[in-house]
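Reviewing the structure listed below.
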């Protein structure tokens, strides 16, 4: 991938690109924390899904301690909180399954418990109106308490998926006087500038994993997008390498959640929420790999064409785990596994690979 002529006059910039992956974002956070601890700095922060959340915190407070403080206590946020109807449905299924192998007396009790739980369920027709199995209120409270638009000190770019219009939507905030803002807006047609009213909800929308969380209505949008419903940015654009390039970045670090070989064999396959999240995890990392490979192939073309084209070749670096991470996309309630993933990220960032073109 090469830098477009519109950005060619800008001074060289570094970008950090953070992908999606739910609770596995703990690994990503460990990598970023260690890079900052080693003195690395980034001019532009780009993210999608959990990468948008991690990115927002770093754009507010670019330091080695920012993400460590967040992820070391993330279990207390209570991200995994099922809506009442889902809880009731799971109790019904559990009691019916227990009744299959129980003694006669216990079987009667299990059936009675199943009927009692089923009594509180929604009518079947109303199940079709459920747009997410998890209650978003803990995430809403957490983001509102920790995100502050006025604290953004680095350029922040992230994507969410506009379900209403069926397209990826880019959101951004550049510091006043940022060189290249006009070029970015021109290159990213339809990109929306964040403000104090839209910031927290736009970040939440980028991480609203389909089926798990309901779509998000972002306030204070331009008229053309007003009333739109948004879900996880990874659905349409998991790795915003292109947005980093449009912001003038030449040196780009991309963090993966999966190893280059030996992909995870422990994606969840239980209830609908787990199955959906597992499918999402496979999809976003596949898109990420394809996007990174495309950038390298485009670099090859740019080098062959030469500087006469007015384009510059990117320097790209990928940091990824050596083996499958010990947690899945929805394991926000397993602090021990989150701590392990964070520690793995720290170790992998101590000797990061060289940039390649």
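Residue numbers (the working numbering): -15 to 341. The beta-carbon is built from N, C-alpha and C at its ideal position, and this holds for glycine as well. This one's a predicted model, so the numbers in the text were calculated from it and none came from an experiment.
Simplified DSSP assignment, three categories, for residue i
{"i": "residue -3", "result": "strand"}
{"i": "residue 339", "result": "coil"}
{"i": "residue 7", "result": "helix"}
{"i": "residue 225", "result": "helix"}
{"i": "residue 299", "result": "strand"}
{"i": "residue 234", "result": "strand"}
{"i": "residue 53", "result": "helix"}
{"i": "residue 38", "result": "helix"}
{"i": "residue 328", "result": "helix"}
{"i": "residue 153", "result": "strand"}
{"i": "residue 61", "result": "helix"}
{"i": "residue 313", "result": "coil"}
{"i": "residue 213", "result": "strand"}
{"i": "residue 186", "result": "helix"}
{"i": "residue 147", "result": "coil"}
{"i": "residue 161", "result": "coil"}
{"i": "residue 29", "result": "strand"}
{"i": "residue 240", "result": "coil"}
{"i": "residue 127", "result": "helix"}
{"i": "residue 197", "result": "coil"}
{"i": "residue 177", "result": "strand"}
{"i": "residue 333", "result": "helix"}
{"i": "residue 205", "result": "coil"}
{"i": "residue 136", "result": "coil"}
Of the listed residues the options, nearest to residue i (C-alpha basis)
{"i": "residue 307", "options": "319, 328 and 333", "result": "328"}
{"i": "residue 26", "options": "9, 45 and 10", "result": "45"}
{"i": "residue 191", "options": "171, 177 and 216", "result": "216"}
{"i": "residue 17", "options": "331, 166 and 300", "result": "331"}
{"i": "residue 321", "options": "5, 11 and 179", "result": "11"}
{"i": "residue 182", "options": "326, 238 and 209", "result": "209"}
{"i": "residue 245", "options": "194, 8, 304 and 203", "result": "304"}
{"i": "residue 28", "options": "341, 302, 236 and 241", "result": "236"}
{"i": "residue 132", "options": "179, 160 and 166", "result": "179"}
{"i": "residue 201", "options": "273, 185 and 207", "result": "185"}
{"i": "residue 227", "options": "243, 158 and 124", "result": "158"}
{"i": "residue 23", "options": "341, 336 and 40", "result": "336"}
{"i": "residue 125", "options": "279, 284 and 58", "result": "58"}
{"i": "residue 333", "options": "5, 319, 7 and 13", "result": "13"}
{"i": "residue 3", "options": "340, 341, 242 and 136", "result": "242"}
Presumed contact (8 Å Cβ cut-off) between residue i and residue j, rounded CB distance
{"i": "residue 224", "j": "residue 313", "result": "No, residue 224 and residue 313 are not in contact; Cβ-Cβ is about 19 Å, not under 8 Å."}
{"i": "residue 276", "j": "residue 234", "result": "No, residue 276 and residue 234 are not in contact; Cβ-Cβ is about 16 Å, not under 8 Å."}
Separation of residue j from residue i, as counted between CA atoms
{"i": "residue -4", "j": "residue 119", "result": "43 Å"}
{"i": "residue 297", "j": "residue 232", "result": "12 Å"}
{"i": "residue 176", "j": "residue 169", "result": "9 Å"}
{"i": "residue 338", "j": "residue 1", "result": "16 Å"}
{"i": "residue 89", "j": "residue 152", "result": "Bear in mind that the predicted position of residue 89 carries a pLDDT of just 42, short of 50, making it unreliable; the figure below should be weighed with that in mind. Distance between the alpha carbons of residue 89 and residue 152 is about 56 Å."}
{"i": "residue 163", "j": "residue 128", "result": "30 Å"}
{"i": "residue 282", "j": "residue -2", "result": "19 Å"}
{"i": "residue 42", "j": "residue 138", "result": "8 Å"}
{"i": "residue -10", "j": "residue 155", "result": "Note that residue -10 scores 47 on pLDDT, short of 50, meaning its location in the model is unreliable and no value can be drawn from it."}
{"i": "residue 323", "j": "residue 122", "result": "20 Å"}
{"i": "residue 33", "j": "residue 144", "result": "8 Å"}
{"i": "residue 9", "j": "residue 203", "result": "26 Å"}
{"i": "residue 300", "j": "residue 54", "result": "28 Å"}
{"i": "residue 165", "j": "residue 30", "result": "15 Å"}
{"i": "residue 288", "j": "residue 149", "result": "38 Å"}
{"i": "residue 193", "j": "residue 52", "result": "23 Å"}
{"i": "residue 279", "j": "residue 239", "result": "15 Å"}
{"i": "residue 71", "j": "residue 62", "result": "Unreliable placement is indicated for residue 71, whose pLDDT of 48 sits below 50; the coordinate value is still reported in the next sentence. Going from the Cα of residue 71 to the Cα of residue 62 covers about 15 Å."}
{"i": "residue 251", "j": "residue 160", "result": "Any reading at residue 251 needs caution, since the residue's pLDDT is 49, under 50, leaving its predicted position unreliable; the model's value is listed next. Near 43 Å, if we compare the C-alpha coordinates of residue 160 and residue 251."}
{"i": "residue 60", "j": "residue 273", "result": "32 Å"}
{"i": "residue 56", "j": "residue 38", "result": "13 Å"}
{"i": "residue 15", "j": "residue 134", "result": "26 Å"}
{"i": "residue 284", "j": "residue 174", "result": "29 Å"}
{"i": "residue 5", "j": "residue 136", "result": "23 Å"}
Cβ-based neighbour list, residue i, same chain, cut-off 7 Å, excluding 5 preceding and 5 following
{"i": "residue 48", "result": "17, 20 and 21"}
{"i": "residue 36", "result": "142, 187, 190, 191 and 217"}
{"i": "residue 64", "result": "118, 314, 316 and 317"}
{"i": "residue 40", "result": "131, 140 and 187"}
{"i": "residue 50", "result": "41 and 42"}
{"i": "residue 219", "result": "145 and 194"}
Same chain only: Cβ atoms within 8 Å of residue i, ignoring 5 sequence neighbours per side
{"i": "residue 147", "result": "199, 212, 213, 214 and 215"}
{"i": "residue 206", "result": "176"}
{"i": "residue 311", "result": "7, 8, 10, 318, 321, 322, 324 and 325"}
{"i": "residue 340", "result": "280, 299, 300 and 301"}
Contact set for residue i: own chain, Cβ-Cβ below 6 Å, skip 5 residues either direction
{"i": "residue 230", "result": "168, 171 and 172"}
{"i": "residue 309", "result": "8, 11 and 325"}
Residue i: CB within 7 Å of a non-hydrogen atom of the ligand GTP
{"i": "residue 118", "result": "By its list of ligands, the structure shown contains no ligand whatsoever, and the ligand GTP lies outside what it can speak to."}
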